[in-house]
Amino acid sequence: MSILGLIISLLVIGLIAGFIARAVVPGKQSLSIPMTILLGIIGSFVGGFLGYLIFHHDAMDGFFQPAGIIGSIIGAIIVLVIYTSVKGRRSVSH
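According to the numbering used here, the sequence shown holds residues 197 to 290 in order.
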């Protein structure tokens, strides 16, 4: 796969995973489309990392790698839950 193909697939999978994560996680997330794509891309790497930790091997035998669409969605949900909980704590003033 070429570099351009890799970038396009990361963007598309990131967009899909980010939108699904935003639909699953309750509450209002005020994220732009580029931030939603970034959420999905980060989620993809989190999903790949968790897949490696659970199964101890993968197609590329790498420790830090992008995951498939299911792993990307799970990773994006985890990242979004952490993001909303940290953001929620910052917005509360004492």
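For every residue, glycine included, the Cβ atom is placed at its ideal position computed from N, Cα and C.
Smallest Cα separation from residue i: which of the options?
| i | options | result |
| --- | --- | --- |
| Ile-233 | Ile-273, Leu-206, Ile-199 | Leu-206 |
| Pro-230 | Phe-241, Lys-283, Val-221, Ile-212 | Ile-212 |
| Val-220 | Ile-204, Ser-228, Ile-274 | Ile-274 |
| Thr-280 | Gly-223, Ser-228, Ile-216, Ile-199 | Gly-223 |
| Ile-216 | Val-277, Leu-249, Ile-250 | Val-277 |
| Phe-245 | Leu-227, Gly-201, Ile-204, Ala-272 | Ala-272 |
Could you give the DSSP three-state label for residue i: helix, strand or coil?
| i | result |
| --- | --- |
| Val-221 | coil |
| Ser-247 | Residue identity check: residue 247 is Gly in the sequence provided, not Ser. Helix, per DSSP. |
| Gly-264 | coil |
| Leu-227 | coil |
| Ser-240 | helix |
Suppose the cutoff is 7 Å on Cβ atoms and the five residues either side in sequence are ignored; what does the same chain contact list for residue i look like?
| i | result |
| --- | --- |
| Ile-196 | A question about residue 196 goes unanswered here, because the residues of the chain that appear run from 197 up to 290. |
Excluding five sequence neighbours on each side, which residues of the same chain lie with their C-beta closer than 6 Å to the C-beta of residue i?
| i | result |
| --- | --- |
| Gln-225 | Arg-218 |
TODO: Check whether the stretch 266 to 276 touches the stretch 235 to 245, taking contact to mean three or more Cβ pairs, one atom from each stretch, closer than 8 Å.
DONE: With a cut-off of 8 Å, the stretch 235 to 245 and the stretch 266 to 276 count as touching, because enough Cβ pairs lie within range.
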